[in-house]
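When we follow the working numbering, the leftmost residue of the sequence shown carries the number 2, and every step to the right adds one.
For each residue, glycine too, the CB sits at the ideal point set by N, CA and C.
None of these values were measured; they are calculated from a predicted model.
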Amino acid sequence: MPATRPGSRRSQRPHGSRPTRAFARSPTLTSPDQLPDNSLDALKAWEAKEDSWLAQVKQMDPATIDAAPLRGTYAIVREALEGSVGKRVCRDEVWNVSQMTGWQVNYGYLVTIQPVGSDQARSEALARWSRLPDYIDTEIVNLREGLTAGYSAPKGNVRIVIDQLNSLIATPTAESPFDSPSLRDKTPPFVKQFDVLLRGPIVAAFKRYRDFLEKEYLQAAREAIAVSANPNGAACYDASVRYHSSLPVPANDVHSTGLQQVERLDAEMKAIGERSFGMSDVPKLLQQARTDRKYLFKSREDSIAYSQAALVRAKAAMHDTFGLLPNADVVIQPYPKCSACWRSARRVTRRSRRWHKSSTSGAFTIASSRTAPCRSAFYTRRSGCGRPGTEDSSRRRRL
């Protein structure tokens with residue numbers, strides 16, 4: 002196998018079809034003074050590398066690999082490459098206007114774990130985030146290319162991202178997630194330089210992107226929510242199932258399974274409603290559970306205490322179920338102020354994900370007030386011990 006082997010440089014991928022996932026989760030494996038090249042030319046170069054690696058992998062006979070760990074590595078690398086190559090049909094890079102996976106969310110997390118605390122780290126932080134305006138401008142170029150080719154995000158998502166950007170632009174510098182480096186490193190010259198960078202070029206880029214979405218992109222965005230409205234949408238669904246699950250299962254089969262499970266759960270909820278509440282109307286029962294004050298927490302503190310008690314019980318039971326436990330802990334805490342930047346995401350998502358600012362511990366973040374974003378969602382990272390909650394779970398006790 003040549004020196005440039007499959008998987009040896011995966012964390013250094015440019016803005017490809019899944020651009021920042023590996024990058025954001027493994028920032029220490031990349032240069033902390035860089036952002037990935039999100040140009041379409043860079044993507045083509047990356048895809049050429051993937052094609053070369055996949056060709057090399059296909060030439061290998063896994064039956065000749067004696068060591069079990071190496072056979073596992075072979076399977077993982079081949080699946081990752083085949084899944085990535087297959088998902089190119091989606092052209093994600095030219096229509097990624099998303100309240101959940103857009104740059105404003107991914108880099109809103111990455112900036113919170115930017116290394117600081119030394120002269121070199123401060124210099125690298127300034128270098129990396131001074132590149133963000135160009136990155137954002139390139140996103141605009143990519144989105145225009147998508148419109149030309151017939152790809153777009155749904156109008157509803159675009160409106161939410163516009164709301165996010167308006168909130169982000171209006172957020173005072175000291176409360177912005179993008180000001181995290183200067184909040185964690187109080188060296189006066191660095192604080193001044195970073196805040197000038199944020200208030201000037203970075204916020205200006207936020208505004209350019211917002212204006213582009215408002216004045217140009219929104220009117221051209223698709224009305225339909227389904228990806229099938231984009232070119233090759235059906236193939237994209239199938240490729241996405243393969244990419245995320247490693248299983249070559251048609252998307253329609255997954256949809257049918259989902260409908261069956263929903264029907265089963267509805268039947269279970271109906272039985273519970275009849276038995277415990279004298280009510281078989283499931284939608285009415287759920288509405289009552291959301292609105293009847295006897296099922297709601299009385300305060301923000303009550304919500305947090307209830308969740309913390311559940312976490313204590315879960316931790317105590319972990320050793321009886323799992324032999325290998327993660328080193329990272331799980332903690333529960335309220336949203337920080339800056340999360341107001343993402344409050345509009347609650348319009349369309351019942352379960353969503355946002356990284357906690359700590360780079361070492363897992364965390365649930367609970368939004369327990371009506372003014373907080375996604376007040377119902379739990380957010381988890383790193384530990385694997387926690388599981389997301391569901392709509393209104395931060396204000397509702399278990400029935």
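Of the other Cβ atoms in all chains shown, 16 or more fall within 10 Å of the Cβ of Q100; this residue is therefore buried. D212 is positioned such that its CB atom lies no closer than 8 Å to that of D196. In this structure L199 touches T174 by the C-beta definition: roughly 6 Å separates them, less than 8 Å. Here L219 is near K156, since their CB atoms are less than 8 Å apart.
In this structure, the alpha-carbon of A49 lies about 46 Å from that of A315.
For P327, there is no enclosing alpha helix (DSSP H), since its DSSP letter is neither H nor E. The C-beta distance from A43 to V95 rounds to 14 Å, too long to meet the 8 Å contact threshold. The DSSP assignment places no complete run of the alpha helix (DSSP H) inside the region 207-243 (cut-off: 4 residues).
Membership of Y136 in the alpha helix (DSSP H) is indicated by the continuous run 133-150. The residues V117, in chain order, have a CB closer than 7 Å to that of R185 in the same chain once the five nearest residues on each side in sequence are set aside. Distance from the CA atom of Q121 to the CA atom of P33, rounded to whole angstroms, is 10 Å.
One thing to note: L169 has its Cβ no nearer than 8 Å to the Cβ of Y210. Following the DSSP letters along the chain, one finds L287 inside the alpha helix (DSSP H) bounded by residues 283-292. Contact between the region 220-240 and the region 85-92 is established, with three or more Cβ pairs separated by less than 8 Å. Distance between R294 and Q288, taken at the CA atoms: about 12 Å. Distance from the CA of D254 to the CA of K193, rounded to the nearest whole angstrom, comes to 55 Å. Within the same chain, Cβ atoms closer than 7 Å to the Cβ of P251 are found at D239, the five residues on either side in sequence being excluded.
Per the coordinates, the alpha-carbon of C237 lies some 24 Å from the alpha-carbon of D38. Looking at the backbone, the Cα of P70 and that of S281 are separated by about 53 Å. V112 is bridged by DSSP to nothing; it lacks a bridge partner. The alpha-carbon of S229 is positioned some 36 Å away from that of S177. Between the region 121-139 and the region 263-280, the count of C-beta pairs closer than 8 Å stays below three; the two stretches do not touch. Closest in C-alpha terms to V332, from the list I161, A205, W130, Q309, comes Q309. With respect to A222, S153 sits close: the two C-beta atoms are nearer than 8 Å.
Distances from the CA of P134 to each of V58, Y108, Q115, D330 were compared; the closest alpha carbon is that of Y108.
By the CB criterion at 8 Å, V86 and E51 fall inside the cutoff.
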